[in-house]
Amino acid sequence: MIYQVYPRSFADGNGDGIGDIAGIRSRLNHLSALGIDAIWFSPWYPSPMADAGYDVSDYRDIDPVFGTLADAEALIAEAHELGIRTIVDVVPNHCSDAHPWFQAALAGGPDAPERDLFWFRPGRGPNGDERPTDWIGEFGGPTWTRTTNPDGTPGDWYLHLFAPQQPDLNWDHPRVREEFEDILRFWFDRGVDGIRIDSAGLLVKDATLPEVQPDQPHPFHDLDGVHDIYRGWRRVADEYADRALIGEVWLPDRQRFANYLRPDELHAAFNFDFLGCAWDAAALRESIDGTLSAHAPVNAPATWVLSNHDVTRHVTRYGRADTRFSFAAKREGIPTDLELGTRRARAAALLSLSLPGAAYVYQGEELGLYEVEDIPYAMRQDPMWERSGRIDPGRDGCRVPLPWAGDEPPFEFSPTGAAAPWLPQPADWKDRTASAQTGDSASMLELYRAAIQARRADPALGDGELTWLPAPDGVLAFSRGGGGFTCLVNLSAAPVTMPAQGELLLASGPLDDGLLPSDTAVWLRTAEVTDGPRGADGPA
Ligand code: GLC
Ligand code: CA
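If you read the sequence shown in the working numbering, its first letter stands for residue 986, the second for the next number, and so on.
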C-alpha cells in the first residue's frame, strides 16, 4: 500500500503554517502504525509555488519552505529504517518560469539557444499578436503566452499546457532527455525507491502544431514518441536494484494506457478509470475487469486509487447524486450527504484493498476527510480556480492541512503558537483527528489500520487471481487466493443475504442480523489456505 504525502498539508514542524519535512519526520510513526509499504511525496523542490510546487525551479534541491536536502535524506533514511520505501515526484513536462533554463531563454532574446529547450514560436497574424495555436490548456484557458524581447519589443510566444508559470519543455531536444535521466540518478543515488512521473502522457508534441481536431491525432496527448523517453528512464532505473517508475497517465483508452506498462517501460501507472468510476456495482465491475484484462498482457500490477491531491475527496463524491469524478464536471456547491459518502468510502476501502495489485491511499483518506468546499475565495490558491473563470472550485478543498489531535484548529498540524494553517480547517474535524480516532473501533482510521494489516498478513491478497462469485444484482462478490478469501460489497439500496459464508475478518459497518446492509463491505475467510502468512514484504 502506497501512501501519498502532500508535504504542504501533512504536518508543519517549524510553525509557519505550511507542512514540511520536519513535520513528516515527526509523524512517521503514524504511517508506520498504518502499515504502509511506501510513501510518495508530492513535489518538494525549490519552486515559486505557482502550482503548489508542480512548477519546479531546481530538481535537485528542496524548497526552503519544506527544509533542506539533508532533511530529505534523513527522512528517506528514517523511512527505510521503518521498512517504508520512498517515491519522489518528478515533473518532466514543464518546469517553472523561474528555472535557470527559462530565465536564460528569456534574457538571451529570440536567438538564445536555451529557447530550443522550450516551445518558443512567433505569433500568427501580421503583427504576430495572435497565439500560434488555439489549444486549450489542462487548467482551461490558452496555452501560449507572449514574451517581451530584451529591447522591450513584443516577442515570441511560449507554450504552457498548464499555467503560464509552467513553460513546457521540448523533449525533442537531447539536452532535456539527458537532464532528466540525470535527475533520476540524483534521487536514486539518494536512496529513493521510485519516481512518480507527473503528466506522463503529455511530454511529446507534434512539432507542426496542428489544431485539436476530432478524428485527428491529438497534438500533445499520448503521442507514440513518449514511449521512447520511458524506455530510456527504465534503463536508468534498471541500473539500480529494485527501483520503480509510476506514471500519471490520464487516458480513457485502456489499451493505450497499458502501452506505458510494457516490460521495458514503466512499472505501474495510476488507475484513473477506477478513481472516476461511479459507486455502482456494474460500473465498478466493468472497471475492475477492464483494468485487469488490460494489465495482464503486459504483466504489470494494476493500481487502485480513490483520491489524490487533484480530485474531489471520495467521501464527498460518494455522497452525491452523481458519484463519478471528472474535471469537466467539477462545480461549486454540488449537494452531498457526507454520512452516506463516509459509509461508501468505508466499503470502498475494503474493496480497493482487496483487489489484485497495488493500492494507493491519499493522506487524510484514512481519517475519512471530506472535501472542504467552503474555502473563502480570497484564500484559494489553486490556479485552476481563476483559470477556469471561477467555474471549477479548484483543488484546494482536498489539500487542507491534516488534523492530528485536539479540539480546535490547527489540530496539532502545527506546533503551539504557530501561524494559521495555509488553508483553513473545518471546526468539525475535531472528530476526525488521528488522535480522536485511535482506539475507536468504529473509526475510519481503525478500519484502514485493520484492513492494511490484514492485507499484509494475508497471502491471498495483493497480486494474484480474482474470481467473481455469483451474487444478487448490485452486489460485488469475489474471491482471492483460490477461494480462501472473499470480499462482498453491497452497492444496492437494500440489505442482502450474503452470497458467501465464512469467518468474518472485517466489516466496513454493522451487519444486520446476518444480512449485508446497503453500502457495506465485508472480508471473509472462506477456506483454509496452505502457504504461511506473508511478512513485511507482502503486497504493496
Ligand atoms: C499533475 C499534478 C497536478 C499538477 C499538474 C501540472 O496533474 O498531479 O497537481 O497541477 O500535473 O504539473
Ligand atoms: Ca512549516
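Ideal placement from N, C-alpha and C gives every residue a C-beta, glycine not left out.
Nearest to residue 1055 by alpha-carbon distance, out of 1012, 1007 and 1145, is 1007. DSSP places residue 1488 within a strand segment (E or B) once states are collapsed to three.
Judged by DSSP secondary structure, residue 1072 falls within the beta strand (DSSP E) whose first and last residues are 1070-1075. Collapsing the DSSP output to three states places residue 1319 in coil. Assignment of residue 1103 by DSSP, reduced to helix, strand and coil, places it in the strand class.
Measuring C-alpha to C-alpha distances from residue 1250 to each of 1260, 1509, 1229 and 1459 identifies 1229 as the nearest. Those residues placing their Cβ nearer than 5 angstroms to any heavy atom of ligand 1 are, following chain order, 1036, 1039, 1147, 1183, 1184 and 1295. In terms of side-chain proximity, the C-beta atom of residue 1385 is found no nearer than 8 angstroms to any non-hydrogen atom of ligand 2. The C-alpha of residue 1085 lies about 37 angstroms from the C-alpha of residue 1314. Under the three-state reduction of DSSP, residue 1021 is assigned to coil, being neither helix nor strand.
Burial state of residue 1030 is buried, judged by a 10 Å Cβ sphere holding 16 or more other Cβ atoms. For residue 1260, the uninterrupted alpha helix (DSSP H) run begins and ends at 1257-1261, by DSSP.
Taking 8 angstroms as the cut-off, the C-beta of residue 1050 counts as close to a heavy atom of ligand 2. At the C-beta level, residue 1434 and residue 1018 come within 9 angstroms of one another.
The continuous stretches of beta strand (DSSP E) do not include residue 1086, which lies in the alpha helix (DSSP H) extending over residues 1085-1092. In this structure, the alpha-carbon of residue 1467 lies about 14 angstroms from that of residue 1339.
Distance from the CA of residue 1115 to the CA of residue 1108, rounded to the nearest whole angstrom, comes to 5 angstroms. In the structure shown, residue 1445 adopts coil according to DSSP, grouped into three states.
Residue 1036 is positioned such that its CB atom lies no closer than 9 angstroms to that of residue 1181. Burial state of residue 1188 is buried, judged by a 10 Å Cβ sphere holding 16 or more other Cβ atoms. At a Cβ-Cβ threshold of 9 angstroms, residue 1247 and residue 1212 count as neighbours.
Note: residue 1482 is bridge-paired with 1500 in the DSSP secondary-structure output.
Around the Cβ of residue 1201, a 10 Å sphere holds fewer than 16 other Cβ atoms; the residue is exposed. In this model, residue 989 and residue 1500 are separated by some 35 angstroms (Cα to Cα).
Rounded to the nearest whole angstrom, the CA to CA distance from residue 997 to residue 1436 is 28 angstroms. Residue 994 holds the alpha-carbon nearest to the alpha-carbon of residue 1050 among 994, 1080 and 1014. When DSSP states are grouped into helix, strand and coil, residue 1343 belongs to the strand group. Ligand 2 approaches residue 1005 closely enough that one of its heavy atoms is under 8 angstroms from the residue's Cβ. With 16 or more neighbouring CB atoms inside 10 Å of its own CB, residue 1410 falls in the buried class. Comparing alpha-carbon positions, the option among 1426, 1432, 1424 and 1387 lying closest to residue 1412 turns out to be 1387. Comparing alpha carbon positions, the residue from 1141, 1208, 1145 and 1106 closest to residue 1121 is 1145.
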